[in-house]
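In our numbering, the protein residues as written are -6 to 105.
Notes to accompany the following structure.
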């Protein structure tokens, strides 16, 4: 997120020059971090469940040779994982958000 903020310094400077207050800038960056984290978390949970289902099929075909039962992930665990990801995504967005809010519009517009 810090790289994203640095790449968008000019855009943030324009927003601040047009009257955006620091809280709006912070909210924008944190929401962006949250959306990215939730999207990646959703894809990760779906792929993880698909892999576990595939492993379950393989284990069931092996029969009694494997002392493991088919893997199972409850819906509560999946939602809990996404919740933890959302929390850490917001936390990861706070430092870049404060950096973005502290940018002076004149200095930001000078950057290339």
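Built from N, CA and C at the ideal position, the CB exists for glycine as well.
Endpoints, alpha helix (DSSP H) assigned at residue 80: 68 to 94
Which first and last residues belong to the alpha helix (DSSP H) in which residue 30 is found? 15 to 55
My guess is that residue 88 and residue 29 are in contact by the Cβ rule of under 8 Å, so how many angstroms apart are they, rounded? Rounded to whole angstroms, the Cβ separation of residue 88 and residue 29 is 15 Å, and the two are not in contact under 8 Å.
State the Cα-Cα distance for the pair residue 7 and residue 67, rounded to the nearest angstrom. Their backbone Cα atoms lie some 47 Å apart in a straight line.
Return the residue from the list 22, 73, 43 that minimises the CA-CA distance to residue 84. 22
Hey, out of 48, 27, 18, 50, whose CA is closest to residue 81's CA? When only C-alpha atoms are compared, the closest one is 27.
Validate contact between the segment 89 to 96 and the segment 9 to 18 using beta carbons, cut 8 Å, 3 pairs: These segments touch.
Closest residue to residue 37 among 48, 13, 71 (Cα-Cα distance): The shortest CA-to-CA distance from residue 37 to any of 48, 13, 71 is the one to 71.
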